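Below is one structure; the comments refer to it alone.
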Amino acid sequence: KNDLMDRPTADMNLWTGNPPITSGRLQDFIADPIACMRQLHRDHGDLAALRESEQQLIFVFSPELNHQVLSDSKLFHSRFFALRGPKKSALRRLTSGLLTMNGDEHKQQRRMVAAPFEKRTIGVYHDTISTLTDAMLDGWQSGETLDLSEEMTVLMRRITSSILFGADQMEIALEIGEMLDPWVEVNHHLSIGAFLPTEDFMP
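Using our numbering, read the sequence shown as starting at -16 and increasing by one per residue.
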């Protein structure tokens, strides 16, 4: 997991001194994030950095380090989307959420959406999840080749639409999800590109 967060102070309690660094191209992370992270993990272990010129991305791979990064909001500030867009713009609205909030704003919004994720609530979702999963499996035919990533993405959209939003217009929910996919991919590409030297960034 890459942390992609601000470092308000150098004393992060994650290591003694500096993290192990690979000097390379941030473009490599854009081109193949999984391969890049696996190589960093093989080379350096649970903590690593990819540096190009004055910019670097720091990666934490262990549960312990991820817990520290994600739970210490005073030390680590979320910057999930590097490019937010102007105030009141469509892009700013689409990039406003728990992953981009910090401090009291994050605590307030997290409390507002906590109920659907509480342990006592999860059991209520059993029948809906089972029904939607069975419907997916019933559509599979013996001998055919399927893209499991795509199948699971559609299933998650159906579950999310039904449980979290109570959507009764399933096809509209799926259409919106399909529209968001390319936007997320482009936003990710441009956000990482904001860290790159101009001559190295090829949209």
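Here a beta-carbon is modelled for each residue, glycine too, at the ideal position from N, C-alpha and C.
Values in this document were obtained by computation on a predicted structure and should not be read as measured data.
Query	Result
Starting from the N-terminal side, write out each stretch of the beta strand (DSSP E) that is 3 residues or longer and does not extend beyond the region 9 to 67.	30 to 35, 38 to 43
Sorted by chain position, which residues of the same chain lie with C-beta nearer than 7 Å to N85's C-beta, five sequence neighbours on each side aside?	S56, H60, S61
Among A31, M135, G28, E35, which one has its Cα closest to the Cα of Q10?	E35
Would DSSP call T5 helix, strand or coil?	strand
Report the residue from Q92, S145, V137 whose alpha carbon sits nearest the alpha carbon of D110.	S145
How long is the line joining the alpha carbons of L131 and Q124, rounded to whole angstroms?	13 Å
Secondary structure at G122, three-state DSSP: helix, strand or coil?	coil
Please name the residue, chosen from F100, D87, I41, that lies closest to G28 on a Cα-to-Cα basis.	I41
At a cut of 8 Å, does the region 135 to 143 reach the region 102 to 116 through at least three beta carbon pairs?	yes
With H, G and I counted as helix, E and B as strand and the rest as coil, what does DSSP make of N170?	helix
According to the Cβ coordinates, are L30 and P3 closer than 8 Å?	yes
Using 10 angstroms around the beta-carbon of I13, count the other beta-carbons present and answer buried if the total reaches 16, otherwise exposed.	buried
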